[in-house]
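Read the structure below first, then the notes.
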Amino acid sequence: MLTAVGSLAMLGVTFGTLLGIASRYLRVDENPLEAELEALLPGSQCGQCGFAGCKQAASALAAGQAKPTLCPPGGRALAAALAERLGVSVDLSDTEELEPEVAFVNEDICIGCMRCLQDCSSDALVGGPKQIHTVITDICHGCGKCAKVCPTEAIEMRPVPITLANWHWHKPDPRQYMN
Amino acid sequence: MKLFRIRGGVHPEYRKELASEKAIVAMPLPRLLRVPLQQHVGAPAEPVVAIGDTVGKGQLIARAQGAVSAPVHAPTSGAVVDIANLTAPHPSGLPQRTIVIESDGRDAWAELPPPIEDPLSASPREIARRVGECGIVGLGGATFPAAVKLDLRSRHELDILVMNGAECEPYLTCDDRLMRERAPEIIDGVRIMAHALGVDRVIIAIESNKPQALESMTRAAAGVANLSVIGIPTRYPMGSERHLVQALTGRETPARQLTADIGVVVHNVGTAHAVHQAVRYGRPLISRVVTVSGHGVCEPGNVEVPLGTMVSELIAFRGGLTEEAPRLLTGGPMMGQPLPSLDVPVIKGTSGILALTKEETRIQPAQACIRCGSCVSACPVGLVPVDMVALVRKDNLDEAAAAGVMDCISCGSCAYICPAHIPLVQYFNYAKGRLNAIQRDEQKRDRVKRLVEARAARMAKLAEAKRAAMAARKAAAAPPKPDPDSPPAAAQ
């Protein structure tokens with residue numbers, strides 16, 4: 123009896139010490155989970171989740187302080203991927219699939235103040251001082267920060283225009299297909 | 003010649019007799035021609051004319067942009083009256099940049115590039131360049147720029163050129179008529195293309211339901227070395243290039259690869275005719291033969307139409323429609339696309355304009371799948387439509403992709419054969435479109451991510467430079483220090 127208790131206690135002490143030493147010398151500064159989550163996030167630093175950027179959002183997610191549904195541009199697919207990585211279940215039914223939007227500059231009222239340029243994280247806005255600005259829609263990720271800082275409300279967010287290049291067939295009407 | 007079996011396929015009612023005995027007639031010149039800038043796969047052409055310019059027939063009006071693109075030429079002489087966004091001949095009905103030319107009625111040629119003397123000894127580059135300059139694209143319907151496919155020698159080991167005269171779509175007879183009426187020109191074009199590609203064998207494949215075309219092509223090809231005209235079994239989709247190559251050579255094209263990867267190039271017979279025109283006369287592609295057919299049109303037939311002619315005018319030329327609202331298609335009934343309206347132009351890829359009545363389309367409401375497996379045996383690429391459709395209906399697109407939906411060639415055999423009338427191919431077209439959109443989104447996201455990182459790095463550098471400049475200024479403004487070697491921060 124004593125031997126059993128003694129040996130188990132010894133084992134406990136030894137492994138405890140080993141683990142203590144390991145946690146000190148093999149410490150990983152950054153949570154690897156955070157890096158993994160950050161890689162999943164879009165990386166456009168749009169701030170729509172309420173955090174300063176994707177890195178901060180990833181650490182909040184890893185700490186369990188944010189829901190996997192936090193990223194509006196990522197939509198349902200990202201929420202599902204995050205939930206799977208975190209090993210939590212998530213209710214996707216109320217995650218709205220946001221219609222992708224891009225910024226549009228109303229050239230009649232743009233005064234060329236360059237404020238939007240400073241806020242665009244992907245350099246999608248171009249223009250010079252007192253020159254009308256414009257948006258490169260191919261690289262605009264639709265965060266809407268520029269629309270918020272525009273002093274003349276010349277920028278509005280519009281759905282991504284449907285062209286011959288991105289149009290595709292809609293799903294056949296399910297009512298046509300009875301089960 | 004030994005032929006090989008292809009898997010799947012269907013035998014639809016061909017209904018080619020509606021137009022097959024009607025000789026090609028020329029369309030009278032319309033007053034206005036609306037020439038879209040994108041009539042091909044690839045980047046749209048860029049206009050080189052302005053509103054008000056006068057143009058001659060065959061003059062370049064929009065140049066190609068990028069490696070895969072095709073220029074556009076004026077179909078007749080006249081004036082450019084508008085460059086506007088007009089409805090495209092596309093099921094979406096979305097607008098497309100279009101040059102509008104008002105004909106002056108003279109139909110006078112502009113100065114054309116000189117004919118290539120003795121093209122069979124000209125350099126392959128020169129032929130490919132001429133074909134590219136003349137705006138020739140694959141006229142079978144895929145509209146891939148032909149010059150790109152004639153210049154494959156540099157990247158692929160090629161040994162066979164297959165000329166596709168299968169025309170396996172029901173109703174369509176434009177290639178059939180072209181082969182019956184202009185066989186010598188086609189053979190000349192084929193020889194030029196074979197020379198450009200440097201292949202040692204040419205096979206012209208024609209479905210056996212076109213005996214007259216087979217005969218006239220055989221006659222025109224008599225005495226040409228290494229060229230054979232072959233009758234192939236009539237089965238849809240024999241005209242799909244992968245299936246044609248497999249039937250003729252026994253070589254199967256791997257998924258997501260090209261026939262060029264297995265040494266075979268496939269061109270349409272109509273393309274060969276256009277190549278003949280371009281090389282021998284310097285004439286660009288400004289007209290094409292279009293089959294106008296279906297019981298919804300009064301006089302079905304084959305018409306040589308200047309590109310840019312409105313479909314409404316073409317139908318009026320064939321006596322108009324027999325009923326109020328037939329189903330309008332561009333292309334054949336199996337793979338053709340519905341037209342948004344009659345007010346769209348004929349373009350390089352318009353092989354047919356069909357007006358189908360209710361009795362012809364026989365559209366019926368879908369019923370429950372009885373899991374009979376007809377679609378599985380009909381699928382020419384060996385997919386399992388019955389399983390894929392269940393996944394697509396639930397929007398389970400990742401699994402549908404794993405089941406091979408992206409390998410679907412949209413031939414429509416499954417939907418044709420389905421006894422429950424389930425719109426199978428429509429579901430697959432939707433799935434392919436969605437999957438492509440998702441892929442485009444991912445590419446955009448990666449690009450944005452790179453740009454965001456680049457901007458962050460640039461901003462950090464700028465801030466660093468600013469700090470350094472500030473420190474330098476402060477150091478300069480500060481009174482001279484006893485020790486010039488001390489760092490600027492120490493000066494404070």
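Taken in sequence, the protein lines are chains A and B. Under the working numbering, the first residue of the first sequence is numbered 123, with each subsequent residue one higher. Under the working numbering, the first residue of the second sequence is numbered 3, with each subsequent residue one higher. Note that beta-carbon positions come from the ideal geometry of N, C-alpha and C, so glycine has one too. Every value quoted in this text rests on a predicted model; they were computed, and no experiment measured them.
Using a Cβ cut-off of 7 Å (strictly closer), state whether residue i contacts chain B.
i: A:Leu162; result: no
i: A:Ser243; result: yes
i: A:His255; result: no
i: A:Leu286; result: yes
i: A:Ile258; result: no
i: A:Pro294; result: yes
i: A:Ser181; result: no
i: A:Gly234; result: no
i: A:Ile277; result: no
i: A:Gln178; result: no
i: A:Ser211; result: no
i: A:Ile261; result: yes
Between residue i and the rest of its own chain, which residues show a CB-CB distance below 7 Å, the 5 nearest in sequence each way excluded?
i: B:Ile8; result: His245, Gln248, Ala249, Pro382
i: B:Thr145; result: Gln41, His42, Val43, Val139, Lys350, Gly351
i: A:Ser211; result: Ala205
i: A:Cys238; result: Leu247, His255, Cys268, Val271, Cys272, Ile277
i: B:Met29; result: Val305, Glu306, Val307, Pro308, Thr311, Leu316, Phe319
i: B:Gly252; result: Phe6
Within the same chain, show all residues whose beta-carbon is closer than 6 Å to that of residue i, passing over the 5 residues directly before and after it, in chain order.
i: A:Glu156; result: Ala180, Ser181, Ala184
i: B:Asp190; result: His278
i: B:Lys24; result: Gly303, Asn304
i: B:Gln494; result: Note on B:Gln494: pLDDT 41, under 50, position unreliable in the model; the coordinate value appears next. Same-chain partners within the cutoff: there are none.
i: A:Thr274; result: Ile231, Ile233
i: B:Arg218; result: According to the sequence provided, residue 218 of chain B is Ser. The question's Arg does not apply to it. If we look at B:Ser218 and ignore the five residues flanking it on each side, its Cβ neighbours are Arg182, Ala185.
According to DSSP, what are the bridge partners of residue i?
i: B:Ser105; result: B:Gly80
i: B:Lys59; result: B:Trp111
i: B:Leu35; result: B:Ile103
i: B:Ser289; result: B:Pro308
i: A:Leu192; result: In DSSP, A:Leu192 forms no bridge with anything.
i: A:Met279; result: A:Ala225
i: A:Thr256; result: A:Val248
Are the C-beta of residue i and some C-beta of chain A separated by less than 7 Å?
i: B:Tyr16; result: no
i: B:Leu199; result: no
i: B:Gly333; result: no
i: B:Asn398; result: no
i: B:Tyr432; result: yes
i: B:Ser94; result: yes
i: B:Leu356; result: no
i: B:Gln494; result: Residue confidence for B:Gln494 is low, a pLDDT of 41 falling below 50, so the modelled location carries little weight; the figure read from the coordinates is stated next. It does not: the Cβ of B:Gln494 has no partner Cβ on chain A nearer than 7 Å.
i: B:Leu453; result: yes
i: B:Tyr2; result: This structure cannot settle anything about residue 2 of chain B, because the visible part of chain B is limited to 3 through 494.
i: B:Gly351; result: no
Since residue i is in the alpha helix (DSSP H), which residue starts that stretch and which ends it?
i: B:Leu453; result: 426-479
i: B:Ser218; result: 213-223
i: A:Ser145; result: 124-147
i: B:Glu187; result: 185-199
i: B:Leu500; result: Because chain B in this structure spans residues 3 to 494, residue 500 of chain B falls outside the shown range and cannot be described.
i: B:Ser2; result: Residue 2 of chain B lies beyond the range of chain B shown here (3 to 494); nothing can be said about it.
i: B:Phe146; result: B:Phe146 -> no alpha helix (DSSP H), and no H or E assigned at all.
i: B:Val271; result: 271-283
i: B:Val388; result: 387-395
i: A:Glu160; result: 154-162
i: B:Leu260; result: Run containing B:Leu260: none; DSSP gives neither H nor E here.
Would you mind giving the Cβ-Cβ distance between residue i and residue j, rounded to the nearest angstrom? I have them listed as a contact below 8 Å.
i: B:Thr100; j: B:Leu114; result: Not really, about 24 Å apart at Cβ, beyond 8 Å.
i: A:Pro195; j: A:Cys168; result: 6 Å
i: B:Glu401; j: B:Thr359; result: The Cβ separation is near 39 Å, so there is no contact.
i: B:Val238; j: B:Pro14; result: The sequence as given places Tyr at residue 238 of chain B; Val does not occur at that position. Right, the Cβ-Cβ distance comes to about 6 Å (below 8 Å), so this counts as a contact.
i: A:Arg207; j: A:Leu159; result: 7 Å
i: B:Glu72; j: B:Pro172; result: It should be noted that the sequence gives Ala, not Glu, for residue 72 of chain B. Contact doesn't hold; Cβ gap of about 28 Å is too wide.
i: B:Val51; j: B:Pro347; result: Actually they do not touch by this definition, with Cβ atoms about 17 Å apart.
i: B:Ala405; j: B:Val388; result: Between B:Val388 and B:Ala405 the Cβ distance is about 10 Å, and since that is not below 8 Å, they are no contact.
i: B:Ile288; j: B:Gly60; result: 6 Å
Going along the chain, which residues of its own chain have a beta-carbon closer than 8 Å to the beta-carbon of residue i, five neighbours each way excluded?
i: B:Arg157; result: Ala262
i: A:Gly302; result: Outside the shown range of chain A, which is 123 to 301, sits residue 302 of chain A, and nothing can be said about it.
i: B:Ala168; result: Ala207, Ile208, Glu209, Ile234, Met240, Gly241, Leu246
i: A:Gly165; result: Cys176
Quick check on the DSSP output: the beta strand (DSSP E) that includes residue i runs from which residue to which?
i: B:Leu331; result: 329-332
i: B:Ile118; result: Careful: B:Ile118 lies outside any beta strand (DSSP E) and carries neither H nor E.
i: B:Ala357; result: 354-358
i: B:Glu301; result: That residue, B:Glu301, is in no beta strand (DSSP E); it is neither H nor E in DSSP.
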